[in-house]
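Please read the structure below before turning to the comments.
There are 2 protein chains.
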Amino acid sequence: MMRKAWAAGVALVLGTVAVTAFAASDAPPPAPNGIVMPEGYKDWRVIALSHRTDNNTLRVILGNDVAIAAAREGRTNPWPDGTTFAKLVWKDRTDDNWEAATVPGRFVHAEFMIKDAKKYAATKGWGFARWLGMAQKPYGEDADFAQECVACHTPVATRDYVFTTPIQLP
Amino acid sequence: MMRKAWAAGVALVLGTVAVTAFAASDAPPPAPNGIVMPEGYKDWRVIALSHRTDNNTLRVILGNDVAIAAAREGRTNPWPDGTTFAKLVWKDRTDDNWEAATVPGRFVHAEFMIKDAKKYAATKGWGFARWLGMAQKPYGEDADFAQECVACHTPVATRDYVFTTPIQLP
Numbered sequence: 000m001m002r003k004a005w006a007a008g009v010a011l012v013l014g015t016v017a018v019t020a021f022a023a024s025d026a027p028p029p030a031p032n033g034i035v036m037p038e039g040y041k042d043w044r045v046i047a048l049s050h051r052t053d054n055n056t057l058r059v060i061l062g063n064d065v066a067i068a069a070a071r072e073g074r075t076n077p078w079p080d081g082t083t084f085a086k087l088v089w090k091d092r093t094d095d096n097w098e099a100a101t102v103p104g105r106f107v108h109a110e111f112m113i114k115d116a117k118k119y120a121a122t123k124g125w126g127f128a129r130w131l132g133m134a135q136k137p138y139g140e141d142a143d144f145a146q147e148c149v150a151c152h153t154p155v156a157t158r159d160y161v162f163t164t165p166i167q168l169p
Numbered sequence: 000m001m002r003k004a005w006a007a008g009v010a011l012v013l014g015t016v017a018v019t020a021f022a023a024s025d026a027p028p029p030a031p032n033g034i035v036m037p038e039g040y041k042d043w044r045v046i047a048l049s050h051r052t053d054n055n056t057l058r059v060i061l062g063n064d065v066a067i068a069a070a071r072e073g074r075t076n077p078w079p080d081g082t083t084f085a086k087l088v089w090k091d092r093t094d095d096n097w098e099a100a101t102v103p104g105r106f107v108h109a110e111f112m113i114k115d116a117k118k119y120a121a122t123k124g125w126g127f128a129r130w131l132g133m134a135q136k137p138y139g140e141d142a143d144f145a146q147e148c149v150a151c152h153t154p155v156a157t158r159d160y161v162f163t164t165p166i167q168l169p
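Which chain is which? The protein sequence lines are A and Y, in order.
Heads up: the first sequence begins at 0 in numbering that gives the first Met the number 0, then just goes up one per residue.
Heads up: the second sequence begins at 0 in numbering that gives the first Met the number 0, then just goes up one per residue.
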């Protein structure tokens, strides 16, 4: 009986830890503009990838179903409402077994662009949000942080404010 | 009547062309070792990415459901039977709007590793295959081409012959 009660106690504690860990990793606080991290983005498909030598990062850009359909059908200027991109960024690391290969090192952040021409009219039709590091700390002091995103994306205003060009495959 | 018959003829020809084009882009000839291109790989999820400066290429490595589950659960040495990786490779291109960003240019090839310890015992438990360019031409003169793959992967024998380390995400 003692053994059973002990086992039940351990199961309870482990269960609580599991639930806490799940909640912590799955639902970080919203961005200062109220955007909630899109669910399930880790399972989205690839839109593109890039390597930046100005800040030594590797990036993969994923898209939700709306984004993938639009990319494959060439409906990208403008991207349709409902398009969501997740850009995942890592610091450069030299591969342990291939010295001319740069691979993902420390995780830097996950950032998102959500298209809704009406809802996000104040930020050029896109909702911007970013969560920093493995701790997923929301980026920005207040809701105005997104004007910084807009400023950086303005050089590609004629591409619906999107730098990314979708990959071409056979 | 003449016009209708002509239109029907054109439709028939166009239909044939469309079917041929679809077949050509969707089902390239098998690799010389008999491996058939895995279906639906463009919809697989991301395992990792890399940038190689020895041949100036960007790569994204996708995994089928078995590979993704194994990667997320840390069952990667050995990878379980049924694991399949698709590595998609493009030549470097400088982004038109961000000069310090390297992005995918010309598509080079899609290559695959399929784990089946018994079936592919002669090539270290992995079936290797590669299709070149947008034309998806099978790589290799005969079935022995895969020994070239094995030779290149032998430095990572202690990693189940896999160079790729799965990305870490929050």
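We put the CB at the ideal spot given by N, CA and C, even for glycine.
Run of the alpha helix (DSSP H) containing Asp64 of chain A, from where it starts to where it stops | Indexing the first sequence from 1 puts residue 64 of chain A at position 65. Run containing Asp64 of chain A: Asp64 to Glu72, per the alpha helix (DSSP H) assignment.
Can you tell which of A:Val102, A:Met112 and A:Val107 has its C-alpha closest to the C-alpha of Pro169 of chain Y?
-> Position 170 of the second sequence, counted from the start, is the residue given in the question as residue 169 of chain Y. Minimum Cα distance to Pro169 of chain Y is reached at A:Val107.
Confirm, please, whether the CB-CB distance from Arg44 of chain A to Ile67 of chain A is below 8 Å.
-> Position 68 of the first sequence, counting from 1, holds the residue named residue 67 of chain A. Position 45 of the first sequence, counting from 1, holds the residue named residue 44 of chain A. Taking 8 Å as the Cβ cut-off, Ile67 of chain A and Arg44 of chain A qualify as a contacting pair.
When the cut-off is 8 Å and only beta carbons count, does Lys41 of chain A lie next to chain Y?
-> Along the first sequence, one-based indexing puts residue 41 of chain A at 42. Answer yes: the Cβ-Cβ gap between Lys41 of chain A and chain Y drops below 8 Å somewhere.
Does the distance from the C-beta atom of Pro130 of chain Y to that of Pro27 of chain Y stay below 8 Å?
-> Looking up residue 130 of chain Y in the second sequence gives position 131. Looking up residue 27 of chain Y in the second sequence gives position 28. Correcting the residue identity first, residue 130 of chain Y is Trp in this sequence and not Pro. The Cβ-Cβ distance between Trp130 of chain Y and Pro27 of chain Y falls below 8 Å.
Relative to chain Y, which residues along the segment 67-78 of chain A have a C-beta separation below 9 Å, given in chain order?
-> Ile67 and Arg71
Could you pull out every unbroken beta strand (DSSP E) segment of at least 3 residues lying fully inside the segment 31-113 of chain Y, listed in chain order?
-> 44-51, 56-62 and 83-93
Evaluate Pro154 of chain A with the Cβ neighbour count: other Cβ atoms within 10 Å of its Cβ, from every protein chain shown; 16 or more gives buried, anything less gives exposed.
-> Counting from one through the first sequence, the residue named residue 154 of chain A turns up at place 155. Pro154 of chain A should be labelled exposed.
Look up Pro137 of chain A in the DSSP assignment and give the residues it is bridged to.
-> For the purposes of this step, residue 137 of chain A is identified with residue 138 of the first sequence, where counting begins at 1. DSSP output for Pro137 of chain A lists A:Trp130 as bridge partner(s).
Residues near Phe111 of chain A by beta carbon distance below 8 Å, same chain, minus five either side = In the first sequence, counting from the first residue as 1, residue 111 of chain A sits at position 112. So the qualifying residues of the chain are Ile34, Met36, Pro37, Tyr40, Thr83, Phe84, Ala85, Lys86, Gly126, Phe127, Ala128 and Arg129.
Exposed or buried, Cys151 of chain A, counting other C-beta atoms within 10 Å across all chains shown (16 or more means buried)?
-> Position 152 of the first sequence holds residue 151 of chain A. It is exposed - the Cβ of Cys151 of chain A has fewer than 16 other Cβ atoms within 10 Å.
Starting from Gln167 of chain Y, follow the alpha helix (DSSP H) in both directions and report where the run begins and ends.
-> Your numbering for residue 167 of chain Y matches position 168 in the second sequence. Run containing Gln167 of chain Y: none; DSSP gives neither H nor E here.
Return no unless some Cβ of chain A is closer than 8 Å to the Cβ of Asn96 of chain Y.
-> Taking the second sequence and counting its residues from 1, one reaches residue 96 of chain Y at position 97. Yes, because at least one Cβ of chain A sits closer than 8 Å to the Cβ of Asn96 of chain Y.
Rounded to whole angstroms, how far is the Cβ of Tyr160 of chain A from the Cβ of Lys136 of chain A, which I believe are closer than 8 Å?
-> Locating residue 160 of chain A in the first sequence gives position 161, where the first residue counts as 1. Locating residue 136 of chain A in the first sequence gives position 137, where the first residue counts as 1. That pair is no contact at about 25 Å.
Given Asp94 of chain A as reference, the closest of A:Val149, A:Leu57 and A:Lys114 once Cα atoms are compared = Indexing the first sequence from 1 puts residue 94 of chain A at position 95. Distances from the CA of Asp94 of chain A to each of A:Val149, A:Leu57 and A:Lys114 were compared; the closest alpha carbon is that of A:Leu57.
Smallest Cα separation from Ala70 of chain Y: which of A:Gly132, A:Asp42, A:Ala116 and A:Gly139?
-> Start at 1 with the first residue of the second sequence, and residue 70 of chain Y comes out as number 71. Residue nearest to Ala70 of chain Y within the set A:Gly132, A:Asp42, A:Ala116 and A:Gly139 is A:Asp42 (criterion: CA-CA distance).
Against chain A: residues of the segment 123-137 of chain Y by CB proximity under 7 Å | Met133 and Gln135
Below-8 Å beta-carbon distance, Ala47 of chain Y vs any chain A residue = Numbered from its first residue, the second sequence carries residue 47 of chain Y at position 48. Answer yes: the Cβ-Cβ gap between Ala47 of chain Y and chain A drops below 8 Å somewhere.
Would you say Leu168 of chain A faces chain Y, with C-beta separation under 8 Å as the test?
-> In the first sequence, residue 168 of chain A corresponds to position 169, counting from 1. At least one chain Y Cβ lies under 8 Å of Leu168 of chain A.
Determine whether the Cβ of Asp174 of chain A lies closer than 8 Å to any Cβ atom of chain Y.
-> The requested residue 174 of chain A does not occur in the structure, where chain A is confined to residues 0 to 169.
Listed in chain order, which residues of the segment 142-161 of chain A have Cβ atoms closer than 7 Å to some Cβ of chain Y?
-> Pro154 and Val155
Within the same chain, show all residues whose beta-carbon is closer than 6 Å to that of Ala20 of chain A, passing over the 5 residues directly before and after it, in chain order.
-> As a position in the first sequence, residue 20 of chain A is number 21, starting the count at 1. Because the pLDDT of Ala20 of chain A is 43, which lies under 50, any placement of that residue in the model is unreliable, and the number read from its coordinates should be weighed accordingly. Hits under 6 Å: none found.
Which first and last residues belong to the alpha helix (DSSP H) in which Ala145 of chain A is found?
-> For the purposes of this step, residue 145 of chain A is taken as residue 146 along the first sequence, with counting starting at 1. Segment Phe144 to His152, the alpha helix (DSSP H) holding Ala145 of chain A.
Quick one, which of A:Arg158, A:Lys117, A:Ala156 and A:Arg51 has its alpha-carbon nearest Pro103 of chain Y's?
-> Your numbering for residue 103 of chain Y matches position 104 in the second sequence. Closest option to Pro103 of chain Y, Cα to Cα, is A:Arg51.
Rounded C-alpha distance that separates Tyr119 of chain Y from Gln146 of chain Y | The sequence position of residue 119 of chain Y within the second sequence is 120, counting from 1. The sequence position of residue 146 of chain Y within the second sequence is 147, counting from 1. Spanning the two alpha carbons is a distance of roughly 12 Å.
At a Cβ cut of 7 Å, what residues of the segment 97-113 of chain Y count as close to chain A, listed as they run along the chain?
-> Trp97, Ala99, Ala100, Thr101, Val102, Pro103 and Phe106
Asn54 of chain A beta carbon less than 8 Å from that of Ala142 of chain A = Along the first sequence, read from residue 1 onward, the residue named residue 142 of chain A stands at position 143. Along the first sequence, read from residue 1 onward, the residue named residue 54 of chain A stands at position 55. In this structure, Asn54 of chain A does not lie closer than 8 Å to Ala142 of chain A by Cβ.
Beta-carbon gap between Tyr138 of chain Y and Ala30 of chain Y smaller than 8 Å | Within the second sequence, numbered from 1, the residue matching residue 138 of chain Y stands at position 139. Within the second sequence, numbered from 1, the residue matching residue 30 of chain Y stands at position 31. Yes, the Cβ-Cβ distance between Tyr138 of chain Y and Ala30 of chain Y is below 8 Å.
If you drop the 5 nearest sequence neighbours on each side, which residues of the same chain put their C-beta closer than 7 Å to that of Lys90 of chain A?
-> Position 91 of the first sequence, counted from the first residue, corresponds to residue 90 of chain A. Correct list, in chain order: Asn55, Thr56, Gly104, Arg105 and Val107.
Checking contacts by CB at 8 Å: is Val65 of chain A closer than that to chain Y?
-> The residue labelled residue 65 of chain A in the question sits at position 66 within the first sequence. It does not; no Cβ of chain Y falls within 8 Å.
Residues that Thr164 of chain Y contacts on chain A, provided the C-beta gap is smaller than 7 Å | Along the second sequence, one-based indexing puts residue 164 of chain Y at 165. Within 7 Å Cβ-Cβ: Val102.
Measure the C-alpha to C-alpha separation of Ile113 of chain Y and Ala121 of chain A and round it to an integer number of angstroms.
-> By one-based count along the second sequence, residue 113 of chain Y stands at place 114. By one-based count along the first sequence, residue 121 of chain A stands at place 122. Approximately 48 Å between the Cα atoms of the pair.
By a C-beta neighbour count over all protein chains shown, 10 Å radius and 16 as the cutoff for buried, is Thr75 of chain Y buried or exposed?
-> Looking up residue 75 of chain Y in the second sequence gives position 76. Under this definition Thr75 of chain Y is a buried residue.
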